[in-house]
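A.B. asks: My structure is below; once you've seen it, I'll send some questions.
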Amino acid sequence: NLSGRLVTVLLILLAAALIWLAINSWVDYRLNPDYGSIPTARETTLLALARNAAIIALIILTLMFTLSELGLNIGPLIASAGVLGLAIGFGAQKLVQDIITGVFIQFDNAMNVGDVVSVGGTSGVVEKLTVRSVSLRDLNGTYHIIPFSSVDMVSNFMRDFAYHLADMGIAYREDTDEARKAMFDAFDELMKDPEHSPTIIGELEWFGLQSLGDSAVVLRARIKTLPGKQWGVGRAYNGLIKRIFDERGIEIPFPHRTIYLGESKSG
Amino acid sequence: NLSGRLVTVLLILLAAALIWLAINSWVDYRLNPDYGSIPTARETTLLALARNAAIIALIILTLMFTLSELGLNIGPLIASAGVLGLAIGFGAQKLVQDIITGVFIQFDNAMNVGDVVSVGGTSGVVEKLTVRSVSLRDLNGTYHIIPFSSVDMVSNFMRDFAYHLADMGIAYREDTDEARKAMFDAFDELMKDPEHSPTIIGELEWFGLQSLGDSAVVLRARIKTLPGKQWGVGRAYNGLIKRIFDERGIEIPFPHRTIYLGESKSG
Amino acid sequence: NLSGRLVTVLLILLAAALIWLAINSWVDYRLNPDYGSIPTARETTLLALARNAAIIALIILTLMFTLSELGLNIGPLIASAGVLGLAIGFGAQKLVQDIITGVFIQFDNAMNVGDVVSVGGTSGVVEKLTVRSVSLRDLNGTYHIIPFSSVDMVSNFMRDFAYHLADMGIAYREDTDEARKAMFDAFDELMKDPEHSPTIIGELEWFGLQSLGDSAVVLRARIKTLPGKQWGVGRAYNGLIKRIFDERGIEIPFPHRTIYLGESKSG
Amino acid sequence: NLSGRLVTVLLILLAAALIWLAINSWVDYRLNPDYGSIPTARETTLLALARNAAIIALIILTLMFTLSELGLNIGPLIASAGVLGLAIGFGAQKLVQDIITGVFIQFDNAMNVGDVVSVGGTSGVVEKLTVRSVSLRDLNGTYHIIPFSSVDMVSNFMRDFAYHLADMGIAYREDTDEARKAMFDAFDELMKDPEHSPTIIGELEWFGLQSLGDSAVVLRARIKTLPGKQWGVGRAYNGLIKRIFDERGIEIPFPHRTIYLGESKSG
Amino acid sequence: NLSGRLVTVLLILLAAALIWLAINSWVDYRLNPDYGSIPTARETTLLALARNAAIIALIILTLMFTLSELGLNIGPLIASAGVLGLAIGFGAQKLVQDIITGVFIQFDNAMNVGDVVSVGGTSGVVEKLTVRSVSLRDLNGTYHIIPFSSVDMVSNFMRDFAYHLADMGIAYREDTDEARKAMFDAFDELMKDPEHSPTIIGELEWFGLQSLGDSAVVLRARIKTLPGKQWGVGRAYNGLIKRIFDERGIEIPFPHRTIYLGESKSG
Amino acid sequence: NLSGRLVTVLLILLAAALIWLAINSWVDYRLNPDYGSIPTARETTLLALARNAAIIALIILTLMFTLSELGLNIGPLIASAGVLGLAIGFGAQKLVQDIITGVFIQFDNAMNVGDVVSVGGTSGVVEKLTVRSVSLRDLNGTYHIIPFSSVDMVSNFMRDFAYHLADMGIAYREDTDEARKAMFDAFDELMKDPEHSPTIIGELEWFGLQSLGDSAVVLRARIKTLPGKQWGVGRAYNGLIKRIFDERGIEIPFPHRTIYLGESKSG
Amino acid sequence: NLSGRLVTVLLILLAAALIWLAINSWVDYRLNPDYGSIPTARETTLLALARNAAIIALIILTLMFTLSELGLNIGPLIASAGVLGLAIGFGAQKLVQDIITGVFIQFDNAMNVGDVVSVGGTSGVVEKLTVRSVSLRDLNGTYHIIPFSSVDMVSNFMRDFAYHLADMGIAYREDTDEARKAMFDAFDELMKDPEHSPTIIGELEWFGLQSLGDSAVVLRARIKTLPGKQWGVGRAYNGLIKRIFDERGIEIPFPHRTIYLGESKSG
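Protein chains in written order, with this note's numbering: chain A, 3 to 269; chain B, 3 to 269; chain C, 3 to 269; chain D, 3 to 269; chain E, 3 to 269; chain F, 3 to 269; chain G, 3 to 269.
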């Protein structure tokens, strides 16, 4: 009986060792650039995570089966683990959520280092990406570390292409056709700028008279650019618009108000 | 006894293999355009999900029954799984919710690639639709990945038909009938526009004097269009309204204020 | 022993088949217009839901009792189900909540297809009503699918009758009795309108001087209408009020401000 | 052994039948106006709820004990119920909360049909009161169904008595004693009104100079009325105040602003 | 064996009866004014709650032990109770929280009937205090029933003493020392008022020039009063300040604005 | 067997009595000022809490082991406790959280009676500190009882030292160097004030031109004071600034606005 | 049998003692600067935490195995612990979350004592960092203790480098090129300042015309500085900009408004 148990234990340990070896070998093989393609940062992160998870599971199971086969009453161990699991499970849910969300963000390739993204209400350049959190550097140079459990929506400003959306408010007394022509002329001039012209990948997209606002008539147009170039193009276009509108006397209105002077009922 | 166990194990494995085969065959048959209709993207997504779920369940059950029949004490395994389930269950609830909501969104056909929708406070064109998340491209070209657990209400702007709702504020001193006539004339002119006329699928729906606001009397009318054409039609209608109101001298008011000059009690 | 078990299994299967038959027959009988009244859409939805729930429960129980009687150790099955239930229970709570709320909304007859309702902050006409969600079409033609778990309060604008509440702000310098008379005259004129008169089901309900506001004295009155007609009646009444107030020179005030010119202490 | 079991089962069924009979008889007795007082709507609701709960519990227990005594292994049944309880418990918590809160609202007599209340941010007249929800009809005739789980605080505007709180803002240049006198005179006149006088159940409660605001000095007074009459009395009082203030030239101020003209440092 | 069991059952029932007797006697003794001090409302509430809790626990335990000793398989009972506990536990958590918070509010003596308090965002006079909720009557006579689970912070306006905090804004052109003197003079006059003087329990506490605001210099002082008298004293002090400031020509400023007239670059 | 059990029970009871004695003795020893230092209020609170927790645990364990050794089936007891624990655990989580947070606030010495703190959005002087809640008296004399579960961040205004932060807005037309000199002169004068000078523990810390605002240029400086003296010093400094700015004619600006008069396109 | 048990117990105790010794030795060795590098504050915190966790686990397990081997029925102990774990687990989740988040913040080196950070909406200098909370001192000298469970995002203002972002609004009537030149001249002058020049680590980064706002044209530029120096550099740059703009007559605009005088329709 005892010898049978010892044999079982040895078999369990042997099986565990073999599985350990298999996991490690497979991960090393996958991460080895000599066999197949060079692994991306994404693959490295996910494989390292998978290996850690597999080995922790292996250790726990081996330990439990071994103790159990040795005839030790592992009831107390399991009970302790259960209570512990209960007590910690509630507190750790954010961590588990971090990792689950992180795995999917890596799988979906939702963002890469160098992208400008907006996550959890904060925007910036991605500086570092782990399976638990993302680190952003914003425009002021502030460094934000955001765990993925605080991330619902990932907004990537640099996927494939981008737009500069030009919503120009002009005064009600102006002619909209004249303003339209000015916006097209500004775009033509922008296309002659050697700095910005190569980053623009389409004609000016004209939408029309977007709304009749409180103090301004809003005209909308859009410029398609390379990803990440929308802000530079936008600022250059703003500058040209300002100059051309000034030259042609097209008013960009301040907030307006119409004043009536109150008088008594009798006049 | 031992041989009986081995037979049981073999039977279990055989049953598992047969079930595996059956599931795979059925899914392949359903996805095969040669037998019946060509499967939609929706069907492909849902069948793939169902197959994965069924096969994971099959593997876990087969493993457990096999170990159990082999006489191994699977108590530790189950206990570990229980504690693990507890610890992970809390963190994974968002993922489960993602998938459950995703399945229902696919079933309800709530949105399709190419639709303009608003989910979780963000609007855009649907670029990609998985069982866990939806990817939107908004007007600025920003790419949003939104997990379904953040989605309560799906608002689809392109279901069957759409409306342009025209809420025109005119000054109190204007005649509402004259403004009404102007809005109908603008609609008539719009119907002569070869670009927009084919996308309009009904007469101008006249509501009337919607409200007596702070500075403006608001007139409401509505134009029925093909889905996705409401914005273009709206902008064209805005342009016509602006021109006709200018021609006829109907004022679109700035915010008004009546000023009284304060004076002492004695006058 | 074995034969006893087989007999038990057969009895279990027989009992299950009988219960299945009973459930199906009863539901078919209830949904059959030949026996009793024609079932409403509500009854059809609820009976279908009840039948599905009953049959799923029946299958699970039959399976478990059968396996148990066959002497198979169903411990692993139950344990897996328990862990699964735990892991999924958290994520599925919204779905369960959807269905429970849906059942009660159907029972309470809280809304019907065609009603204008407001649920979860969104208003529109009910286009479709399932046991899990409601689909609304709003004024802009946007189609909203709202799961019931996002619905706390159901506000139905078309239950039995409706009101147009007229809160008219008039200038402080006006005589409130004159304005009151104008509002009654507008109502009399409205009652002569062949379009709106049949939808009004009561006299003008006069409340009085509701408040002394910042720039206006607010008079409140109310018109009782057929359900769904309150908006049309309200717009017609607004138009009449505007015309009569203009004719009689009763001012609907813009926001007022009293200006004092600052001066130094010495005057 | 078998016969002993059958006897036990029979005894269980007999006990269950007796308990059922007892519950039903007691509830019927309590609801029977011939024996004791006529039951209120509240008692009817609560007794019906209690009877349903008791009978469901009775059926479940009888079923379980019977199956158990018959020697059937009810482990699967209990396990299924446990997993089901787990999966549903999360989703049904709102329903349980509805009913628990509903029972206490009935016990506390917090609102009755016909009361004007404010629950969960919505105000209106109570039209219907079940153990799960309250139905309100608001001023616009909209019908709101609010489950009790959305109800934290119940605000009842019609408990025992009510007040009209008059916060009158007068211009800084006015004499507060003169305004105080005007407010008392308006109250005296109100007490002569045969419509409102019977609903007023106390003298004008004078508080004094409540605050020195941005543009107005606020005087506060209060009128005690019968429950539900505070709005009518308030509007009548507003009308009288407006007339008397106009007659005596006491200014109710518009928002004020003091303007300084900017000048350069040198003057 | 059977007789032993019966003896055990009898002993259990006897023990239960004795414990019941002991609990009841002790509570009656504590609530009996003949033995010791007269119990406060707080003691009565807490003791009644404790007795109910103890007796419910006693009944459940006695029932379970008795059934268990009688040889009945109470597994089904416990399982049902477990599933029930699970299903209800989620929904009832607000009720349990109500009672736990209620017990602590009673223990801490956080509020008494007649106090003016602010709980859960609502202020009013406490009219009724149970172990589950508090009932407030606000200034408008509205009656609010607030369960304690909605109560985080209890703010009691009538603990030991109170303050009227006087934040007086005066114009920038005024002399702060003159205004300070006026505020002290107003306090001296207030101390001569036979109505308010007895409720003031300290000198005017002078803080100084609190802030240099947009349009006003704010001076802060404070008057210590008996609890509940702070509002009356404050209104009286406001009245005196208004009169004295008017007499001495100290300006309480309206919102200020400095206006520059825009001109073109060339002047 | 029976005698062995009785011996075991006696041993258990003896062990429990000894542990009880040990706990009590140790706590008494620690709280006894004769042996070692006088215990702080913090130590007293924490030791009393620890003793209560230890003794409750001791009683429960002793009871359970005793009953178990006496051969009573304590299954029902444990099951009841489990269901009870489940049902109450949800409701009591706020209480447990109160105590855990309270223990850490005591350990961290985060606040002491007499400190001015801000917790859960409410500021005031700490009047009482228990292991479950903190009682604050705010500036108006209102007494707030705040359970620690509502406390995330503790902000202590009286730790070691404090600052008065002076953000002075001056008009754009003023010279910033002149204003800087005035602020330093005001500080020099403040240092001559015998009341405030001893509470200032550093030179005026000059930051510079903080921002170019809408209507004002903001200059920032800071004064280091003893804890709790920052408000008095700040008010005195405000008074001096106001006087010196008035003397030297440095303008503290009202909100500015530049007005353009609208004209038609033609001029 | 008994002696075998005693031997097992002794072995268990011996193993526990050895493990204890090993843990302590290893931690001491790691923290001993003689062997290897000097441990950072971070290492000290994490190792102390790990040691405490390991030793608590060791004590609990040793106790349980010992009792179990001694033949004592530890069922009651485990059951008590389970119910306790349940009851406390809910309340303690914030504490567990504090520690888990704290461990990761230490691992990620997200902040160090002396850094200026923003966590949970509060900004300040880190004064103390434990595994459960961070203590910040803000600009007013207020001391905030923030548990990590309230911390989602850590924003570190002092990572590697920082920026001063200069968003200058100039009047519409100004020439943007002139303003651009003024901003570069101000930067050149700043680089000659011996105090700030060494802290600037790059040229002025020019972005361009950021937006055409309501009253101002916004120009954006950025200065790269050493970490923590961005505020000082920014204030100095503000001062220079103000002086140069004043000298050159470039207007920093107040909010603008265009006023139209209302007139009747007839003119």
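Every residue, glycine too, gets a C-beta built ideally from N, C-alpha and C.
1. Using only the alpha-carbon positions, how far apart do Arg134(B) and Met113(C) sit?
2. Starting from the beta carbon of Arg161(D), find every residue of chain J whose beta carbon is closer than 7 Å, and list them in chain order.
3. Would you verify that the beta carbon of Thr124(A) is, or is not, closer than 9 Å to some beta carbon of chain G?
4. With 8 Å as the C-beta to C-beta threshold (strictly closer), list the residues of the region 187-220 of chain A near chain B in chain order.
5. Could you run through the region 234-268 of chain F and flag, in chain order, every residue whose CB is less than 7 Å away from some CB of chain E?
6. Assuming Ala188(F) contacts Leu221(F) under a Cβ cut-off of 8 Å, what Cβ separation, rounded to an integer in Å, is found between them?
7. Could you work out which residues of chain F lie near Ile225(E), taking near to mean beta carbons separated by less than 9 Å?
8. Looking at chain E, is there any beta carbon in it that lies within less than 9 Å of the beta carbon of Arg175(G)?
9. Look at the Cβ atom of Leu141(C), then the Cβ atom of Arg224(B), and state whether they are nearer than 9 Å.
10. List the residues that DSSP assigns as beta-bridge partners of Leu167(F).
11. Would you say Arg134(C) faces chain D, with C-beta separation under 9 Å as the test?
12. Quick check: what's the CA-CA separation for Leu69(G) versus Gly6(A)?
13. Is the beta carbon of His258(C) sitting closer than 9 Å to the one on Pro196(D)?
14. Would you say Gly93(C) faces chain B, with C-beta separation under 9 Å as the test?
15. Kindly indicate which residue of Ser217(C), Val105(C) and Met160(C) has the alpha-carbon position closest to the one of Val136(C).
16. Does Val127(B) have its Cβ less than 9 Å from a Cβ in chain C?
17. Taking the beta carbon of Val9(B) as the centre, do at least 16 other beta carbons fall within 10 Å, making it buried, or is it exposed?
18. Spell out whether any CB of chain F is found under 9 Å from the CB atom of Arg7(E).
19. For chain F, is any of its Cβ atoms less than 9 Å away from the one on Ala112(E)?
20. Since I believe Val153(D) is in contact with Gly122(D) (beta carbons under 8 Å), could you give me their beta-carbon distance rounded to a whole number of angstroms?
21. Which stretch, first to last residue, makes up the beta strand (DSSP E) that contains Arg139(D)?
22. Quick one: what does DSSP say Asn111(B) is sitting in, helix, strand or coil?
23. Kindly list, in the order they appear in chain B, the residues whose Cβ is closer than 8 Å to that of Ser152(C).
24. With a CB to CB cut of under 6 Å and the five nearest residues on each side skipped, what residues in its chain are close to Phe150(D)?
25. Going by C-alpha to C-alpha distance, which of Thr46(F), Leu60(F) and Ala173(F) sits closest to Ser213(F)?
26. Flag Thr178(A) as yes if its beta-carbon sits less than 9 Å from any beta-carbon of chain B, otherwise no.
27. When you compare only the Cα positions, how much space is there between Lys244(B) and Glu180(A)?
28. Going by other Cβ atoms of all chains shown within 10 Å of its Cβ, with 16 needed for buried, is Ala24(D) buried or exposed?
29. Can the beta-carbon of Val219(C) be found less than 9 Å from the beta-carbon of Phe159(C)?
30. Express the C-alpha separation of Ser27(C) and Val98(D) in angstroms, rounding to a whole number.
31. Residues in its own chain within less than 7 Å of His198(E) by CB, not counting five upstream and five downstream?
C.D. replies: Inspection of the coordinates gives the following:
1. 31 Å
2. The question asks about chain J, but that chain is absent: this structure's protein chains are A, B, C, D, E, F and G.
3. yes
4. Phe209, Gly210, Leu211, Gln212, Ser213, Leu214, Asp216, Ser217 and Val219
5. With the criterion set as a beta carbon lying under 7 Å from some beta carbon of chain E, the members of the region 234-268 of chain F are Arg237, Ala238, Asn240, Gly241, Lys244, Ile254, Pro255, Phe256, Pro257, His258, Arg259, Thr260, Ile261 and Tyr262, in sequence order.
6. The Cβ separation is near 12 Å, so there is no contact.
7. By Cβ distance, chain F contributes nothing, its closest Cβ being about 10 Å from Ile225(E), past 9 Å.
8. Yes, because at least one Cβ of chain E sits closer than 9 Å to the Cβ of Arg175(G).
9. yes
10. Note: Leu167(F) sits in a beta bridge opposite Arg224(F).
11. no
12. 28 Å
13. no
14. Look at Gly93(C): its C-beta is under 9 Å from a C-beta on chain B.
15. For the residues Ser217(C), Val105(C) and Met160(C), the minimum Cα distance to Val136(C) belongs to Val105(C).
16. no
17. exposed
18. Not closer than 9 Å to any Cβ of chain F, the Cβ of Arg7(E) fails to qualify, so no.
19. yes
20. 5 Å
21. Ser135 to Arg139
22. coil
23. Here the neighbours are Asp154 and Met155.
24. Within the same chain, and ignoring the five residues on either side of Phe150(D) in sequence, the residues whose Cβ sits closer than 6 Å to its Cβ are Asp100, Thr103 and Gly104.
25. Ala173(F)
26. Judged by the 9 Å Cβ criterion, Thr178(A) is in contact with chain B.
27. Note on geometry: alpha-carbon atoms of Lys244(B) and Glu180(A) lie some 14 Å from one another.
28. exposed
29. no
30. 32 Å
31. Leu192, Gly234, Val235 and Ala238
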